[in-house]
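Residue numbering for the sequence shown follows the numbering used here, starting at 157 and increasing by one per position. Even for Gly, the Cβ is constructed at its ideal location relative to N, Cα and C. Beneath this line is the structure, given in structure tokens, with notes to follow.
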Amino acid sequence: MTKADIVDVIASSTGLTKVETEAVVNGFMETVIDAMKRGEHIELRGFGTFKVVKRAQRVARNPKTNEEVIVPEQYVPVLKMSKDFKNQVNESMMEKEE
């Protein structure tokens, strides 16, 4: 599913125009990005938590040359899904298998 698909679904279910809905979706994404740039956590109950974590420096290998490479420490955005979200997805997928 793409951003355009999400805009279509939300627009059809809310009665907003696609232009209005796209502005809301873009605004949400920009707000999340800006907050994470400041190192803030964003908690959406029943969905998940966006946060920035620090990954330590590590040694990796180039699979082609088998040469060791130092990967420097870095900050990465992560999304930890809520337990309810995970359970709903799991139950839905299990039903599809039956």
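(request) Work out the CA separation of residue 214 and residue 253 for me, nearest whole Å. (result) C-alpha separation (whole angstroms): 40 angstroms.
(request) Report buried or exposed for residue 173, applying the criterion of at least 16 other Cβ atoms within 10 angstroms of its Cβ. (result) With fewer than 16 other Cβ atoms inside 10 Å of its own Cβ, residue 173 counts as exposed.
(message) Tell me the rounded alpha-carbon separation between residue 179 and residue 159.
(response) Their Cα atoms are separated by approximately 12 angstroms.
(request) Report the option in 222, 212, 236 and 194 whose CA atom is closest to the CA atom of residue 110. (result) As shown, the chain starts at 157 and ends at 254. That puts residue 110 outside it, with no answer to give.
(message) Counting C-beta neighbours from all protein chains within 10 Å, is the total for residue 245 16 or more, i.e. buried, or is it exposed?
(response) Of the other Cβ atoms in all chains shown, fewer than 16 fall within 10 Å of the Cβ of residue 245; this residue is therefore exposed.
(request) Have a look at residue 238 and residue 164 and give me their C-alpha separation to the nearest angstrom. (result) Looking at the two C-alpha atoms, the distance is approximately 25 angstroms.
(request) Identify whether residue 249 lies in helix, strand or coil by the three-state DSSP scheme. (result) In this structure, residue 249 counts as helix in the three-state DSSP scheme.
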